[in-house]
Structures are given as structure tokens and as C-alpha cells.
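From first to last, the protein sequence lines stand for chains S and D.
Here the first sequence is numbered in the working numbering, starting from 1 and rising by one per residue.
Here the second sequence is numbered in the working numbering, starting from 557 and rising by one per residue.
We put the beta carbon where it would ideally sit given N, CA and C, even for glycine.
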Amino acid sequence: MAEQTIHGEALEHGPQADHGHGPPKGIMRWISTTNHKDLGTLYLVFSCLMFIIGGIFSLVVRAELMEPGLQFLDPSTYNEFMTMHALVMIFGAIMPGFVGLANWMVPMEVGASDLALPRVNNWGFWLLPFAFVLLFSGFFMPGGAPQFGWTMYPPMVLQMGAAFPFMIFAVHLMGISSITGAINVAVTILNMRAPGMTLMKMPIFAWSWLITAYLLIVTMPVLAGAVTMLLTDKYFGTSFFDATGGGDPILYEHVFWFFGHPEVYIMILPAFGIISTIIPTFARKPLFGYESMVYALACIGFLSMIVWAHHMFADGLPLPAELFFMFSTMLISVPTGVKIFNWVATMWRGSMTYETPMLFSIAFVVLFSIGGFSGLMMAMAPVDFQYHNTYFIVAHFHYVLVPGAAFSIIAAVYYWLPKWTGVMYNEKLGKLHFWLSLVFINVIFFPQHFLGLAGMIRRTADYPVQFADWNMVSSIGAFAFFASQFIFFYILIRCLWFRKGMVKATDRVWDGAYGLEWVVPSPAPYHSFHEPPGEYVDAESPWVLDVDHGPMAARG
Amino acid sequence: MEKVATNENPHYFVPTPVPWPFILLIGITLTIFGFGHWLEGYVTVIPWKLLVIVGPVIFFSIVFRWFWGVVHESERGAYNRQVDMTYRMGMGWFIFSEVCFFGAFFGALFYTHVLSIPWLGGEGAKFFTGSVLWPDFTPVWPSNGPGAVGGEFEAMAPWGLAAINTVLLVTSSFTLTWAHHALKDSSRAKCIAFMILTVALGLVFLSLQAYEYHEAYTIQNLTLHSGVYGSTFFMLTGFHGLHVTIGTIMLIVITCRLFAGHFTPERHFGFEGVAWYWHFVDVVWILLFTFVYIL
Numbered sequence: 001m002a003e004q005t006i007h008g009e010a011l012e013h014g015p016q017a018d019h020g021h022g023p024p025k026g027i028m029r030w031i032s033t034t035n036h037k038d039l040g041t042l043y044l045v046f047s048c049l050m051f052i053i054g055g056i057f058s059l060v061v062r063a064e065l066m067e068p069g070l071q072f073l074d075p076s077t078y079n080e081f082m083t084m085h086a087l088v089m090i091f092g093a094i095m096p097g098f099v100g101l102a103n104w105m106v107p108m109e110v111g112a113s114d115l116a117l118p119r120v121n122n123w124g125f126w127l128l129p130f131a132f133v134l135l136f137s138g139f140f141m142p143g144g145a146p147q148f149g150w151t152m153y154p155p156m157v158l159q160m161g162a163a164f165p166f167m168i169f170a171v172h173l174m175g176i177s178s179i180t181g182a183i184n185v186a187v188t189i190l191n192m193r194a195p196g197m198t199l200m201k202m203p204i205f206a207w208s209w210l211i212t213a214y215l216l217i218v219t220m221p222v223l224a225g226a227v228t229m230l231l232t233d234k235y236f237g238t239s240f241f242d243a244t245g246g247g248d249p250i251l252y253e254h255v256f257w258f259f260g261h262p263e264v265y266i267m268i269l270p271a272f273g274i275i276s277t278i279i280p281t282f283a284r285k286p287l288f289g290y291e292s293m294v295y296a297l298a299c300i301g302f303l304s305m306i307v308w309a310h311h312m313f314a315d316g317l318p319l320p321a322e323l324f325f326m327f328s329t330m331l332i333s334v335p336t337g338v339k340i341f342n343w344v345a346t347m348w349r350g351s352m353t354y355e356t357p358m359l360f361s362i363a364f365v366v367l368f369s370i371g372g373f374s375g376l377m378m379a380m381a382p383v384d385f386q387y388h389n390t391y392f393i394v395a396h397f398h399y400v401l402v403p404g405a406a407f408s409i410i411a412a413v414y415y416w417l418p419k420w421t422g423v424m425y426n427e428k429l430g431k432l433h434f435w436l437s438l439v440f441i442n443v444i445f446f447p448q449h450f451l452g453l454a455g456m457i458r459r460t461a462d463y464p465v466q467f468a469d470w471n472m473v474s475s476i477g478a479f480a481f482f483a484s485q486f487i488f489f490y491i492l493i494r495c496l497w498f499r500k501g502m503v504k505a506t507d508r509v510w511d512g513a514y515g516l517e518w519v520v521p522s523p524a525p526y527h528s529f530h531e532p533p534g535e536y537v538d539a540e541s542p543w544v545l546d547v548d549h550g551p552m553a554a555r556g
Numbered sequence: 557m558e559k560v561a562t563n564e565n566p567h568y569f570v571p572t573p574v575p576w577p578f579i580l581l582i583g584i585t586l587t588i589f590g591f592g593h594w595l596e597g598y599v600t601v602i603p604w605k606l607l608v609i610v611g612p613v614i615f616f617s618i619v620f621r622w623f624w625g626v627v628h629e630s631e632r633g634a635y636n637r638q639v640d641m642t643y644r645m646g647m648g649w650f651i652f653s654e655v656c657f658f659g660a661f662f663g664a665l666f667y668t669h670v671l672s673i674p675w676l677g678g679e680g681a682k683f684f685t686g687s688v689l690w691p692d693f694t695p696v697w698p699s700n701g702p703g704a705v706g707g708e709f710e711a712m713a714p715w716g717l718a719a720i721n722t723v724l725l726v727t728s729s730f731t732l733t734w735a736h737h738a739l740k741d742s743s744r745a746k747c748i749a750f751m752i753l754t755v756a757l758g759l760v761f762l763s764l765q766a767y768e769y770h771e772a773y774t775i776q777n778l779t780l781h782s783g784v785y786g787s788t789f790f791m792l793t794g795f796h797g798l799h800v801t802i803g804t805i806m807l808i809v810i811t812c813r814l815f816a817g818h819f820t821p822e823r824h825f826g827f828e829g830v831a832w833y834w835h836f837v838d839v840v841w842i843l844l845f846t847f848v849y850i851l
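Below you can see the structure in the form of C-alpha cells.
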């Protein structure tokens with residue numbers, strides 16, 4: 001972010017008083033920074049870059065799929081781009097995007113000066129570029145980049161070329177990054193809240209991140225274990241996933257999805273937190289059912305750890321296992337339903353205005369629900385045999401990840417951008433960005449439901465002619481969606497570097513907004529709080545005081 | 557330091573910018589590039605060999621430098637009570653993540669022991685797996701699978717070295733706790749004595765473990781290649797051994813710090829954090845002894 005946002009204030013830090021004179025200049029500032037705002041910016045810039053790279057990979061994929069037959073790529077190159085698209089988007093774009101938002105907003109929202117472990121936070125960020133260098137290095141090695149899907153199933157993945165160990169170690173590094181980030185956020189939330197802010201008075205975004213952090217700490221080490229077993233199976237002669245030695249390839253799927261399923265909630269719970277923050281602001285009503293929202297988050301977090309085998313219904317699991325995982329999966333729709341209904345109830349009879357963040361949030365509620373419904377369809381084991389490995393699942397998880405997770409990140413960026421940069425973005429362009437994104441995201445992914453139900457399998461570079469029409473539509477949508485994101489990049493670049501003539505943001509930015517982040521000036525100073533902002537937290541009121549308009553109750 | 561301990565500092569602790577994490581990552585990445593190429597069989601190429609040496613040297617120097625800085629900040633009294641709690645919670649969550657890491661391997665052990673080996677032998681609905689694919693396979697744990705991967709082997713007996721190791725490690729947890737009580741009672745000499753005893757127990761444990769591995773490879777023909785039994789045995793005990801090694805190094809560092817006069821009877825989280833870690837390693841061993849050796 002530009003230098004203007006930085007106020008080199010001389011703060012008192014007790015024994016560390018000599019360190020309050022603002023950051024060093026140049027590249028060393030970013031390499032050695034321990035500031036949560038700097039690191040949040042780095043995370044978000046990295047995430048943006050990865051969205052572009054992952055987006056280009058997906059365009060390569062869609063270009064190949066535009067017509068039946070092989071036009072541009074041979075099948076294994078296609079598989080490389082398909083796999084790398086997934087790995088980049090999941091580990092490079094969505095997760096760092098949410099960690100970046102947590103870096104920026106969680107300390108401000110709970111009234112802390114920084115995250116709990118700032119130096120570890122620096123390490124957590126810089127792990128990612130190094131991990132992706134390792135991952136991308138596969139493109140230049142004999143055998144090519146990873147090409148067996150992001151799930152890395154053995155025995156296929158064990159036939160990979162020279163890039164195999166680097167993929168495994170890259171996953172290790174990404175895992176360490178997530179664990180350090182999660183520990184940091186969890187400790188910040190549990191230990192550094194402003195005086196008087198009890199857990200049940202905490203902003204819902206912080207709550208969603210606390211549950212997410214818990215899931216990350218439980219599951220990321222399991223992923224590390226799973227890929228370590230792959231590594232030893234390939235190079236050290238172990239037999240974890242080899243039936244001749246008494247192992248089982250399905251064992252990998254169990255261990256992987258014990259990580260993988262909570263992982264999809266890791267990518268959606270912070271989104272829930274963001275949407276639960278934005279909707280009350282623009283409906284000018286407190287969040288409906290704050291407590292039930294918190295319990296629903298916790299409930300989803302718990303359930304997410306006992307549903308993993310619904311990814312494996314077609315594997316031939318024992319019948320009791322199929323039944324257990326089918327019913328536990330369907331149970332998740334209960335807390336998720338609570339959240340959807342609460343968002344709708346928050347908007348009900350609110351004084352609604354439709355600024356860009358709100359538009360993205362409403363689109364989130366609608367389109368995420370579509371993704372949720374197709375998920376519920378696939379939760380039923382008998383019908384999942386039909387949907388399994390078709391474009392129906394592709395449509396399903398893209399509906400929850402793009403108009404779900406990615407839209408929520410975009411909404412959060414629009415929502416907090418004035419606080420970060422001190423200037424208002426161009427609302428007209430923002431709305432244009434929204435409408436184009438909304439239309440084209442559906443053009444890409446809605447037809448994929450039809451393709452999947454008609455039987456088109458996923459992860460192939462070629463397909464029968466009967467699927468040609470909808471694939472053409474989907475590909476056109478993909479290119480148009482990617483193109484419309486340039487509006488977003490333009491808006492970001494204007495707000496970050498070319499601020500001449502732009503409207504200055506007020507401290508509160510949105511007149512329905514409440515919470516500690518709106519107490520500090522816009523742009524937020526390098527250190528948000530000199531001392532714990534206890535004066536804004538009212539012991540009587542269930543929420544942080546509304547700065548301008550007196551106390552604002554969280555629960556009506 | 558006592559001043560900080562008694563005086564609640566309302567301000568936050570904000571560390572200076574540091575280049576250590578970045579340099580640490582250079583070390584890690586170099587190691588990985590070297591190690592990865594070594595795994596792929598390019599070890600004869602000189603630069604990769606060099607990386608496997610240079611990378612870890614950078615890594616360990618930075619780890620040392622980083623902790624050195626933290627120890628000195630702590631001794632200068634830079635940490636208020638909030639930072640102390642941060643370290644406690646951070647260490648707690650870290651140990652929890654380690655538990656989950658071991659969970660993956662215990663999961664693999666349970667799965668192979670309870671499910672995949674009986675299935676390969678034709679249990680339940682998997683009748684044809686057994687009778688058509690592996691008619692000669694008797695599904696008994698310990699097993700190296702229907703292919704008898706790695707050849708005949710002798711399983712590890714629980715009531716030999718492993719039992720002695722269990723006694724050693726449990727005892728070391730007690731001696732560590734006595735050291736902790738001594739520290740709290742301001743009897744530093746006693747504390748150091750118990751610490752040295754704990755370190756010694758850890759080292760004996762590691763030596764016996766090494767001896768056990770040696771026996772397994774030379775006499776019992778039990779290796780990493782011995783099917784799932786060998787895989788789960790060596791991966792679980794190996795990762796545990798690695799953690800005991802790290803724990804022992806940490807205990808040695810704490811002992812040196814005690815010699816240097818660090819820690820007060822009231823504030824000594826460095827000591828406690830290492831103690832937590834050691835108890836965690838101990839609990840993992842008890843689980844290992846039960847599920848890997850006995851059952």
C-alpha cells in the first residue's frame with residue numbers, strides 16, 4: 001500500500017519505545033515487517049496475484065473445453081493446468097485472501113494493536129511465496145507439474161515425475177503457513193480483546209475466524225501426515241497405500257478428506273463472518289440472532305470433521321459407513337440453514353441500500369444457497385453414485401467457492417477498502433463490476449449442472465459432441481468473467497496509488513457500520529490502538545458502542 | 557523482570573521488524589531443493605549436495621538467532637503479562653497441532669490393523685477379495701500384507717526394550733516435574749540436578765531406541781519395507797523419536813539457561829513450555845507403547 005497510509009507515530013511501547021517510529025523504507029519494509037496491516041496487505045496482494053494466475057490456468061482449461069476434441073493441449077498438459085488451477089486457487093488465492101482479511105481486521109475488531117505473534121505472522125506470510133515457487137518449479141521439470149488433481153490420490157500420483165517431492169514439500173510449507181496464521185488469529189482473539197469485550201460481544205467476523213482457526217489447527221497437520229505418507233511410499237518403501245503390503249489406497253482418501261472436508265469449511269466460514277458483518281450494515285439493523293449465528297458456526301465446525309467420507313461414496317465403503325456419512329452430511333444443512341434464514345431476517349424490513357459490498361453479499365446468499373442445495377443433493381449416497389465425478393460436482397463446488405468464498409472476499413475488500421486506503425472507491429464502477437460478475441459467473445457454472453446430469457465426466461480434456469453447446473456457453477462465460485475482473489483491478493489500483501480527485505472516506509465510512517474498526521481514522525494508522533480501547537465497550541450493552549449514534553444492540 | 561511481573565503493563569508489546577523469518581525460509585527452500593533432487597536421484601550433481609548442507613546450516617543458525625532474541629527480550633523484561641499469556645496459548649495450540657499430526661499416523665495404524673488387513677483376507681463383504689485375489693493370505697496382525705513385502709520378519713516385542721523405554725520416559729516426566737517444583741521453591745541447584753537427570757533419561761531413551769532400530773534391521777529383518785507393519789512401526793516411532801530429540805535439545809537449552817541464572821520462581825514460561833512439550837511426547841509414547849507394541 002502507498003506510503004501516505006502510514007503514520008509514523010512515536011508511540012510508547014514500554015520497553016520497546018524505540019521501535020515506534022514507523023516502518024523501514026523500500027523492499028526491506030515488506031521482508032522484515034511485523035505489522036499486521038503490512039502483512040495483511042501482503043497476503044491480499046499475494047492472493048490477488050494468485051487469483052490472476054489461477055484464473056489464467058482456468059482460461060487455458062476452458063479454452064481447451066470450448067469445443068470437443070483436442071485443440072490446444074495434450075491431455076497430460078491439460079491435467080497439469082487443471083490441477084494447478086485447483087491448488088493455486090485453494091492454497092494461493094482463497095485461503096491467503098481470508099488470512100489477509102483476518103490480519104487486517106481481526107486485531108482492529110477486537111481492539112488489539114497487532115496480532116499476538118507478529119514475527120511468526122511474518123514467517124507465515126513469506127512461507128507462501130516460497131511454497132509456490134516450489135510448486136510452480138514443477139512446470140520446468142521432467143514429467144511436468146502435478147497433474148492428478150489437487151487431491152493427489154495414490155497410486156496415480158506416485159507415478160509423477162521429478163516435481164513430486166517439490167509438490168509434497170510445497171504442501172508442507174503451505175500447511176505450516178496456515179497453522180501459524182491460525183494460531184496467531186486464535187491467540188489474538190482469545191487473549192487480546194479489548195477490556196469488557198466478552199466472547200459473546202465479539203464481532204461475528206472474529207467468531208467465524210476463531211472457528212476457522214480451530215479447523216486449520218486440527219486438519220492441516222493431518223494433511224501434512226497424508227502427504228508425508230505419500231512421500232515415504234514413493235521413496236522409502238513404505239506400504240501405506242499399497243495393498244500388496246497390507247495398505248490401502250482408500251486409506252489415503254480417508255486421511256486426505258479428514259483434512260479436505262474441514263478445508264472447504266475453512267474456505268467458507270470466514271465468508272459467513274464477512275456476510276454477517278456486511279448485511280447488518282446496509283440493512284441498518286443489528287444482525288438477527290447473533291447467538292444462534294455463533295452456535296451455528298461452532299456446529300458447522302464440529303460437523304465438518306465427521307462427514308469426510310461423503311467424498312468417497314462411490315469407493316465401495318461398508319454400508320454403515322455410507323449411511324453414517326450420508327446423514328451427518330445432511331445434518332450440516334441445519335446450521336447452514338440457520339445462517340441463511342438469519343441473513344434474510346436481518347434484511348427483512350431493514351432500511352436497505354445497495355452499495356457494492358451489499359450487492360455482493362446478497363448475491364452470496366442467493367448463489368451460495370444454490371451451491372448448498374446441489375451439495376445436499378449429492379449428500380444422498382444413492383444418487384451420488386450418479387453425480388460422482390461429473391460436471392455436476394464441478395458446478396456445485398464452484399458455486400460455493402466463486403460466488404461463495406470469492407464473492408465474499410470481493411465484498412469484504414469493497415467494504416473495508418475505504419478504511420484501508422482512506423478514499424472511497426468509484427461506486428458506479430463497483431456496481432458495473434458486480435453486475436458483470438453476477439451474470440457471467442452464472443453463465444459459466446449454471447450450464448455445468450446440465451452437463452453433469454447428462455453424464456459429462458470431469459478432469460478430461462475431451463468430451464462427446466453431445467456436450468458441445470453448453471461447454472461453449474460455459475467457456476464464453478469464463479472469458480467474460482475474467483475480463484470483467486479488470487474493472488476490480490482498476491478500482492483497486494485507483495484507490496491504492498492514484499488517489500487524485502477521489503472522495504476522502506470518513507472514519508465511519510458506512511452509516512450503518514458499527515465495531516471498533518470504525519473508531520480509528522481512515523486510513524487506519526500504522527498502529528490502531530495505543531492502549532486497549534476499553535472505553536468503547538459498554539458493560540451493559542451486548543455490543544461495542546456505535547461511535548456516532550450511541551449504543552447499538554447486537555440482538556434486537 | 558520482577559517489576560514487570562508485578563506491574564500490569566497496559567501497553568502492547570510491539571516487536572521490531574526482523575529479517576529472520578525470511579532468511580529462515582531461504583534456508584528451508586534450499587534444503588528442500590537439495591533434498592528433493594537427492595530423492596529424485598540427482599545426488600551426484602554437486603550443487604544439490606551442497607544445498608543439503610548449506611540449507612540446514614542457514615536454518616539452524618536462524619532458529620538459534622531467533623530464539624536467542626526472544627530469550628533476551630524475556631530477560632530484559634520486555635514481556636508483560638499479556639505476552640506471557642500469548643506464549644502460553646500459542647504453545648498450547650502448537651502442541652494441539654502436533655497431536656493432530658500424530659493422529660494422521662495413528663489413523664493409518666488403526667485403519668490397516670482393524671480394516672484393510674482383515675479385508676484383504678476376505679472379511680465380511682470382501683469375501684472375493686480374499687478368495688480370488690489372495691487365497692493364501694492369512695490376515696493376522698502384525699502383517700506385511702498379502703505380498704509379504706520385505707520378506708519374513710519378527711515383530712517388535714513389547715516387554716523388552718520398549719517396556720524399559722516406557723519406564724524411562726515416564727520417570728523423566730516425574731523428574732521434570734520435580735525440577736519445576738524446585739524452581740518454584742527457589743532451589744536452583746536442585747532444579748538443575750533434576751534437569752540433568754531428565755536430559756540423561758531422554759538421552760538413554762534415544763540410545764535404546766537407536767539400539768532397537770539396529771536390532772530390527774540386522775536381526776529381525778523388520779524394516780520400513782516390511783509392509784504396513786514396518787511402515788506404521790517406523791513412521792510412528794520415528795516421528796516420536798524425532799520429537800524426543802527436539803524435546804531433549806529444548807531441555808538442554810533450558811538447563812543452560814538455568815545455569816545462566818534465567819527464570820524466576822514466578823515467571824518461567826520458557827521452562828513450562830518445554831515441560832508441556834516433554835509431557836506431550838511422553839503421552840504420545842504411552843499411546844505408541846499400547847497400540848504399536850502391545851496390541
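One finds G701, V705, G783, V784 and S787 in chain D with Cβ atoms closer than 7 angstroms to the Cβ of S239 of chain S, taken in chain order. Leaving aside the five residues that flank Y425 of chain S on each side, the residues in its chain whose CB is nearer than 6 angstroms to its CB run, in chain order, L417, I491 and C495. Per the Cβ contact rule, the segment 155-162 of chain S is not in contact with the segment 211-224 of chain S (fewer than 3 Cβ pairs under 8 angstroms). L676 of chain D and T198 of chain S have their alpha carbons spaced roughly 54 angstroms apart.
At a cut-off of 8 angstroms between beta-carbon atoms, G26 of chain S makes no contact with chain D. Under DSSP, I300 of chain S forms no beta bridge with any residue.
Restricted to the segment 598-639 of chain D, not a single beta strand (DSSP E) segment is unbroken, complete and at least 3 residues in length. Buried is the label assigned to C48 of chain S, since at least 16 other Cβ atoms lie within 10 Å of its Cβ. For I588 of chain D, the uninterrupted alpha helix (DSSP H) run begins and ends at W576 to L595, by DSSP. The alpha-carbon separation between W690 of chain D and A243 of chain S amounts to approximately 11 angstroms.
Counting only residues of its own chain and dropping the five nearest sequence neighbours on each side, V222 of chain S has a CB closer than 8 angstroms to the CB of V255, F258 and F259. For G246 of chain S, the nearest beta carbon of chain D is closer than 8 angstroms to its own beta carbon. Taking the Cβ atoms as the reference, L44 of chain S lies roughly 4 angstroms from G100 of chain S, within the contact range of under 8 angstroms.
Between the alpha carbons of L173 of chain S and A145 of chain S lies a distance of about 17 angstroms. Interface criterion not met: the Cβ of I306 of chain S is under 8 angstroms from no Cβ in chain D. Contact annotation: in the segment 114-130 of chain S, residues whose CB is within less than 7 angstroms of a CB in chain D are D114, A116, L117, P118, R119, N122, W123, W126, L127 and F130. Closer than 8 angstroms at the C-beta level to chain D, one finds no residue of the segment 75-97 of chain S. Following the DSSP letters along the chain, one finds T801 of chain D inside the alpha helix (DSSP H) bounded by residues G783 to F815. Sequence-distant partners of I614 of chain D (beyond 5 residues in either direction) whose C-beta falls short of 8 angstroms from its own C-beta, in its chain, are I579, L580, I582, G583 and L586. A distance below 8 angstroms between beta-carbons, with the five flanking residues on each side excluded, links W30 of chain S to the following residues of its chain, in chain order: D38 and L42. Contact annotation: the segment 457-471 of chain S does not touch the segment 398-415 of chain S, with fewer than three C-beta pairs closer than 8 angstroms.
Distance between W841 of chain D and F652 of chain D, taken at the CA atoms: about 16 angstroms.
Annotated three-state conformation of K285 of chain S is coil, per DSSP. Q71 of chain S and E64 of chain S have their C-alpha atoms some 6 angstroms from each other.
Two segments are said to touch when three or more pairs of C-beta atoms, one from each, lie closer than 8 angstroms; by this definition the segment 162-170 of chain S touches the segment 138-152 of chain S. Annotation: the continuous alpha helix (DSSP H) that includes T180 of chain S extends over F164 to N191.
The C-alpha of N636 of chain D lies about 7 angstroms from the C-alpha of F569 of chain D. Residue range R744 to E771 is occupied by the alpha helix (DSSP H) that includes K746 of chain D. For N471 of chain S, the closest alpha carbon among the candidates S:P68, S:T33 and S:F488 is that of S:P68. Residue range S333 to M347 is occupied by the alpha helix (DSSP H) that includes W343 of chain S. The beta-bridge partner set that DSSP reports for T390 of chain S consists of S:I457. Residue environment analysis places Y265 of chain S among the buried positions, since at least 16 neighbouring C-beta atoms fall within 10 angstroms of its C-beta. For L101 of chain S, the uninterrupted alpha helix (DSSP H) run begins and ends at M95 to V110, by DSSP. A straight-line Cα-Cα distance of about 20 angstroms links S351 of chain S and K339 of chain S.
Chain order gives no chain S residues near G590 of chain D, where near means a beta carbon separation below 8 angstroms; the closest approach is about 11 angstroms. At a cut-off of 8 angstroms, the C-beta of A162 of chain S has a neighbouring C-beta in chain D.
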